[in-house]
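K.L.:
5 is the number of the first residue of the sequence shown in the working numbering; add one for each residue after it.
Using N, Cα and C, we set each Cβ at its ideal position, and we do this for glycine too.
Got a structure here, written out as structure tokens. Questions coming.
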Amino acid sequence: MVLSVPSLYQTGDGWRAPWIQAVVHAGLVLPLLWRRRCPVAAAATMLAAAWVSYGAQVWQWQIPIATLALLVVVYTFAVRGRRVAAVVMAGLVAVLFGTWAITRYPGEDGGWGTLGFLLMIAIAWVVGEFMRARREYFAEVERRATVAESERRALARAAVAEERNRIARELHDVLAHSVSVMVVNAEGAALIRRADPDAVDRTLKTISATGRAALGDLRRLVEVLHVDPSSRAPQPATADLRELVSRVSVGRPAIDLVVAGDTGGLPASAAVQAYRIVQEALTNVVKHAPVDAPAGVVVDFGCAGTNRVVRIEVTNGGGPVRLDAFPASGHGLTGMRERVAMFGGTLDAGPTGEGGYRVTATLRVSPT
């Protein structure tokens, strides 16, 4: 009875009013434009239009359009609506079509028609569920990719920060040594400028050379932030130890240097770290030891089984504490410990029984 109400709009010759056909057609098609943004409103409009189409038989060819519209409603709710709402909507559509089919085609034809439409509803609902699951899957993949990218960027920032910290320690090791040598030489030149003018000239040349070297080291270290490592200037090695000791010895008692063993086959990385450890230890001597305190450097290149071993010992004698000694930053020993740890070695630093100070480092280099 309810489905037959729209039939009141039939014309006398059996043709349905054309304006009803246009309105129903619009009600079946236009809601497709906003079904994603407002699925409930679109579904209600399409259901009403389908109800009119089924009940009034507005143009026979609109029945398939109404059926397709109902399937689209079920699909839309399965994809974008809540699952409970999708099930309820599928049930309403099934009741609507089943009632119409049984009323319109009583008997076996109506039953088979209803069964076929229920199958189409099930297919529409399954396809909608599949598309929902697919969309949720890709959303989850995108979310995980975003999280992974955020973690990758965080790790990259942490790596950059760690590299900057390493460069800061390197900068301290190199420049502290050079500046300390320059300061000590300048102080020594002031003391001997009348007694030995020639020595003052030599000291000034040493200060100039050390300053230029410090500028070069600073430039190379800063360029590490922007330039490919392969384009950097050669790093110092154990062959440069004698020049290093010579620079530090200016203006103070000569520092004894003993280099024993064969450096052949020693990796360049180990040679650089050995040089830097000696440099930092001598920097501590210049900064903290009395000016007239003797000092010595022993570097022994040996073997322990199949491993190459580099033993470094830097000592300075005791004496009155310098009143103008540089404040300790703690970065020097930290840098030496990290350099030693790179090769699984050990570092011992502490006062000697005679009032001096000793730094002993051991690097162990495995064969490659």
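1. Does the Cβ of residue 240 have 16 or more other Cβ atoms within 10 Å, making it buried, or fewer, making it exposed?
2. Is the beta carbon of residue 128 sitting closer than 7 Å to the one on residue 51?
3. Taking just the CA atoms, how far does residue 140 sit from residue 89?
4. Contact between the region 243-254 and the region 207-219: three or more CB pairs below 8 Å?
5. Excluding five sequence neighbours on each side, which residues of the same chain lie with their C-beta closer than 8 Å to the C-beta of residue 80?
6. Look up residue 355 in the DSSP assignment and give the residues it is bridged to.
7. Around the C-beta of residue 234, are 16 or more other C-beta atoms found within 10 angstroms, so that it is buried, or is it exposed?
8. Between residue 125 and residue 91, how many whole angstroms is the CB-CB distance? I'm expecting something under 8 Å.
9. Return the bridge partner residues of residue 265 from the DSSP annotation.
10. With H, G and I counted as helix, E and B as strand and the rest as coil, what does DSSP make of residue 310?
11. Can you give the Cα-Cα distance for residue 231 and residue 197, rounded to whole angstroms?
12. How big is the Cα-Cα spacing for residue 170 and residue 82?
13. Would you list the residues sitting across from residue 320 in a DSSP beta bridge?
14. Is residue 232 helix, strand or coil when you go by DSSP?
15. Taking just the CA atoms, how far does residue 156 sit from residue 37?
16. Find out if the Cβ-Cβ distance for the pair residue 318, residue 263 is shorter than 7 Å.
17. For residue 340, count neighbouring Cβ atoms within 10 angstroms of its own Cβ and tell me buried if that reaches 16, exposed if not.
18. Under the three-state reduction of DSSP, which class applies to residue 202: helix, strand or coil?
19. May I have the straight-line CA-CA distance separating residue 303 from residue 203, to the nearest angstrom?
20. Hey, out of 84, 248 and 71, whose CA is closest to residue 138's CA?
21. My output table needs one value for residue 161: the three-state DSSP class, helix, strand or coil.
22. What number of angstroms, rounded off, separates the C-alpha of residue 4 from the C-alpha of residue 343?
23. So, helix, strand or coil for residue 315, using DSSP?
24. Let's see if you can read the secondary structure: which residues bound the alpha helix (DSSP H) around residue 286?
25. Skipping 5 residues on each side, what residues in its chain have a beta carbon closer than 6 Å to that of residue 328?
26. If I'm right that residue 370 touches residue 311 with Cβ under 8 Å, what's the distance once you round it to whole angstroms?
27. Would you decide whether residue 274 is buried or exposed? Buried here means 16 or more other CB atoms lie within 10 Å of its CB.
28. Return no unless some Cβ of chain C is closer than 7 Å to the Cβ of residue 94.
29. Tell me which residue opens and which closes the alpha helix (DSSP H) that residue 252 is part of.
30. With DSSP collapsed to three states, give me the class of residue 368.
31. Nearest-angstrom Cα distance between residue 130 and residue 148?
P.N.:
Put simply:
1. Indexing the sequence shown from 1 puts residue 240 at position 236. When all chains shown are included, residue 240 counts as buried.
2. As a first step, residue 128 is located in the sequence shown; it is residue number 124 there, counting from the start. As a first step, residue 51 is located in the sequence shown; it is residue number 47 there, counting from the start. Against a cut-off of 7 Å, the Cβ pair of residue 51 and residue 128 comes out as no contact.
3. By 1-based counting over the sequence shown, the position of residue 89 is 85. By 1-based counting over the sequence shown, the position of residue 140 is 136. Roughly 18 Å separates the two Cα atoms.
4. yes
5. Sequence index remark: in the sequence shown, residue 80 carries index 76 (1-based). Answer for residue 80: 39, 40, 43, 46, 47 and 132, listed in chain order.
6. In the sequence shown, the residue the question calls residue 355 occupies position 351. DSSP, once it has assigned bridges, lists 361 as partnering residue 355.
7. To locate residue 234, count along the sequence shown from 1; it is residue 230. Legend: pLDDT at residue 234 = 45, less than 50; position of this residue unreliable, value from coordinates given subsequently. With fewer than 16 Cβ atoms within 10 Å of its Cβ, residue 234 is classed as exposed.
8. On the sequence shown, position 121 is the one that residue 125 refers to. On the sequence shown, position 87 is the one that residue 91 refers to. In fact, because the Cβ distance is near 11 Å, the residues do not count as touching under 8 Å.
9. In the sequence shown, counting from the first residue as 1, residue 265 sits at position 261. DSSP output for residue 265 lists 305 as bridge partner(s).
10. Counted from its first residue, the sequence shown places residue 310 at position 306. Coil at residue 310, not helix or strand.
11. Sequence index remark: in the sequence shown, residue 231 carries index 227 (1-based). Sequence index remark: in the sequence shown, residue 197 carries index 193 (1-based). Low local confidence applies: a pLDDT of 43 at residue 231 is under 50, so the model's placement there is unreliable, with the coordinate-based value given in what follows. Near 43 Å, if we compare the C-alpha coordinates of residue 197 and residue 231.
12. For the purposes of this step, residue 170 is taken as the residue at position 166 of the sequence shown. For the purposes of this step, residue 82 is taken as the residue at position 78 of the sequence shown. Cα to Cα, residue 170 sits roughly 57 Å from residue 82.
13. Within the sequence shown, residue 320 is the residue found at index 316, counting from 1. Looking at the DSSP assignment, residue 320 forms a beta bridge with 299 and 361.
14. Here residue 232 refers to the residue found at position 228 of the sequence shown. Model confidence at residue 232 stands at a pLDDT of 48, short of 50, so the residue's coordinates are unreliable and nothing is read from them.
15. Within the sequence shown, residue 37 is the residue found at index 33, counting from 1. Within the sequence shown, residue 156 is the residue found at index 152, counting from 1. Spanning the two alpha carbons is a distance of roughly 41 Å.
16. Here residue 318 is taken as the residue at index 314 of the sequence shown, counted from 1. Here residue 263 is taken as the residue at index 259 of the sequence shown, counted from 1. In this structure, residue 263 does not lie closer than 7 Å to residue 318 by Cβ.
17. Locating residue 340 in the sequence shown gives position 336, where the first residue counts as 1. By the 10 Å Cβ count, residue 340 comes out buried.
18. The residue labelled residue 202 in the question sits at position 198 within the sequence shown. Residue 202 falls in the helix class under three-state DSSP.
19. Position 299 of the sequence shown, counted from the start, is the residue given in the question as residue 303. Position 199 of the sequence shown, counted from the start, is the residue given in the question as residue 203. Taking the straight line joining both Cα atoms gives about 30 Å.
20. The count along the sequence shown starts at 1 and reaches residue 138 at position 134. The shortest Cα separation from residue 138 among 84, 248 and 71 belongs to 84.
21. As a first step, residue 161 must be located in the sequence shown, where it is residue number 157. Note: residue 161 maps to helix in three-state DSSP.
22. Residue numbering for the chain in the displayed model covers 5 to 372; residue 4 lies beyond these limits and cannot be assessed.
23. Start at 1 with the first residue of the sequence shown, and residue 315 comes out as number 311. In the structure shown, residue 315 sits in a strand (DSSP, three-state: E or B).
24. Within the sequence shown, the letter at position 282 stands for residue 286. 272-292 is the extent of the alpha helix (DSSP H) around residue 286.
25. Stepping through the sequence shown from its first residue, residue 328 is reached at position 324. Any reading at residue 328 must be qualified, since the residue scores a pLDDT of 41, below 50, and its modelled position is unreliable; no value is offered.
26. Within the sequence shown, the letter at position 366 stands for residue 370. Within the sequence shown, the letter at position 307 stands for residue 311. Right, the Cβ-Cβ distance comes to about 6 Å (below 8 Å), so this counts as a contact.
27. Along the sequence shown, one-based indexing puts residue 274 at 270. By the 10 Å Cβ count, residue 274 comes out buried.
28. Among the chains of the structure shown, chain C does not appear; only one protein chain is present.
29. Start at 1 with the first residue of the sequence shown, and residue 252 comes out as number 248. Taken as a continuous stretch (DSSP letters only), the alpha helix (DSSP H) holding residue 252 covers 245-253.
30. Taking the sequence shown and counting its residues from 1, the one referred to as residue 368 is at position 364. Looking at residue 368 - three-state DSSP - the assignment turns out to be strand.
31. For the purposes of this step, residue 130 is taken as the residue at position 126 of the sequence shown. For the purposes of this step, residue 148 is taken as the residue at position 144 of the sequence shown. Each residue's alpha carbon lies about 27 Å from the other.
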